[in-house]
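S.K.:
Protein chains in written order, with this note's numbering: chain A, 639 to 718; chain B, 6 to 150.
1) Taking Cβ-Cβ distances shorter than 8 Å, what residues in chain B pair up with residue 715/A?
2) Evaluate residue 685/A with the Cβ neighbour count: other Cβ atoms within 10 Å of its Cβ, from every protein chain shown; 16 or more gives buried, anything less gives exposed.
3) For residue 101/B, which three-state DSSP category applies?
4) Quick one: is residue 643/A buried, meaning 16 or more other Cβ sit within 10 Å of its Cβ, or exposed?
5) Whole beta strand (DSSP E) runs in the segment 667-704 of chain A with 3 or more residues, listed along the chain?
6) Give the residues from the segment 700-715 of chain A that approach chain E closer than 8 Å (Cβ to any Cβ), ordered along the chain.
7) Answer yes or no: does any C-beta atom of chain A fall closer than 8 Å to that of residue 104/B?
8) Alpha carbon to alpha carbon, how far is residue 146/B from residue 640/A?
9) Should residue 36/B be listed as close to the ligand FMN, given that the test is whether its C-beta is under 7 Å from any heavy atom?
10) For residue 75/B, which of 43/B, 38/B, 105/B has the nearest alpha-carbon?
11) Below 6 Å CB to CB, which residues in the same chain sit around residue 666/A once its five sequence neighbours on both sides are set aside?
12) How many whole angstroms separate the CB atoms of residue 84/B and residue 95/B, which I take to be in contact at a CB cut-off of 8 Å?
13) From the DSSP output, in three-state form, read off residue 91/B for me.
14) Please compile the residues from chain A whose C-beta is within a distance smaller than 7 Å of the C-beta of residue 130/B.
15) For the segment 38-66 of chain B, list the beta strand (DSSP E) runs that are entirely contained and at least 3 residues long, ordered along the chain.
16) Using a 10 Å radius around the Cβ and a threshold of 16 neighbouring Cβ atoms, would you call residue 45/B buried or exposed?
17) To the nearest angstrom, how far is it from the Cα of residue 670/A to the Cα of residue 24/B?
18) May I have the straight-line CA-CA distance separating residue 48/B from residue 42/B, to the nearest angstrom?
19) Does the segment 105-116 of chain B touch the segment 127-138 of chain B, meaning 3 or more C-beta pairs lie closer than 8 Å?
20) For residue 33/B, decide whether its Cβ has a neighbour in chain A, counting only Cβ atoms nearer than 8 Å.
21) For residue 61/B, which of 142/B, 140/B, 6/B has the nearest alpha-carbon?
22) Could you tell me which chain B residues have their CB closer than 9 Å to the CB of residue 696/A, listed as they occur along the chain?
23) CB-CB under 6 Å to residue 59/B, same chain, minus the five flanking residues each way: which ones, in chain order?
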């Protein structure tokens, strides 16, 4: 069991209903962690173009995470 | 070479000074502005949310990639955050180089990559009172105005 701080942005924050939360997780990968949170927040859905960052560095969904990490969930971007 | 996020209107004249270089015969500027319509809906204003730490690091990485591909001597990019009115400049990209070809190509690369990669989100506020996050296919159901 790992404890991580998760931050949600833009549409993901609206869907989760919180901007950040600290959770205990049995997930190993970041994608599994997202699915776990989508189970807890029913309006939160996976998006094909979503991105994830770990401790302020862009990461891959297949990456693992450690106890105490900060995970950022980014919905599809739309700058410009 | 610089990339920054601005909470206030972008000062184009000060950006222009950063592009001065006697070895450059070409300077290309791109301005992205707030448009009054999108996909058939009348837009009232836009709201940009930015995650600045990664927007800056990724923005600088994109500029470095352009420098490696083209003979770019000066490059500057600024993106706004917060609420913007119609017609306001949301993003500026400027590239200066010896000749025009590389300036045009590098400027196109910078704006395209910035739109695709930076953690920046756009919320459109419509004339009819609704608001939605752009590009989020399945997020639309979760919110109202």
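Even glycine gets a Cβ: it sits at the ideal position worked out from N, Cα and C.
From a predicted model like this one, the values you see are computed outputs, not experimental measurements.
M.R.: The structure says:
1) Those within 8 Å of residue 715/A in chain B are 120, 121, 122, 123, 124, 125, 126, 140.
2) By the neighbour-count criterion, in which 16 or more other beta carbons inside 10 Å mark a residue as buried, residue 685/A falls on the buried side.
3) It is a strand residue.
4) Label assigned to residue 643/A: exposed.
5) Counting whole runs of 3 or more residues, the segment 667-704 of chain A contains the beta strand (DSSP E) stretches 689-692, 695-697.
6) The displayed structure is made up of protein chains A and B, and chain E is not among them.
7) Against chain A, the CB of residue 104/B has no partner CB under 8 Å away; the residue lies outside that interface.
8) Residue confidence is low: residue 146/B scores 48 on pLDDT, short of 50, so the model does not pin down where it sits. Its coordinate-derived value is still stated next. Computed Cα separation, rounded: 31 Å.
9) Among the ligands in the structure shown, none appear at all, so the ligand FMN cannot be discussed.
10) When only C-alpha atoms are compared, the closest one is 105/B.
11) Cβ neighbours of residue 666/A within its own chain (closer than 6 Å, five residues either side excluded): 702.
12) The C-beta distance from residue 84/B to residue 95/B rounds to 7 Å, short enough to fall under 8 Å.
13) Looking at residue 91/B - three-state DSSP - the assignment turns out to be coil, as it is neither helix nor strand.
14) Chain A residues near residue 130/B: none, gap ~14 Å exceeds 7 Å.
15) If one requires a minimum length of 3 residues, the beta strand (DSSP E) runs lying completely within the segment 38-66 of chain B are 46-55, in chain order.
16) It is exposed - the Cβ of residue 45/B has fewer than 16 other Cβ atoms within 10 Å.
17) For the pair residue 670/A and residue 24/B, the Cα-to-Cα distance works out to about 46 Å.
18) Taking C-alpha positions only, residue 48/B is separated from residue 42/B by approximately 5 Å.
19) No contact exists between the segment 127-138 of chain B and the segment 105-116 of chain B.
20) Not one beta carbon of chain A lies nearer than 8 Å to the beta carbon of residue 33/B.
21) Its Cα nearest to that of residue 61/B, the residue 6/B stands out among 142/B, 140/B, 6/B.
22) Residues of chain B passing the Cβ test: 59, 62, 63, 122, 124.
23) If we look at residue 59/B and ignore the five residues flanking it on each side, its Cβ neighbours are 124.
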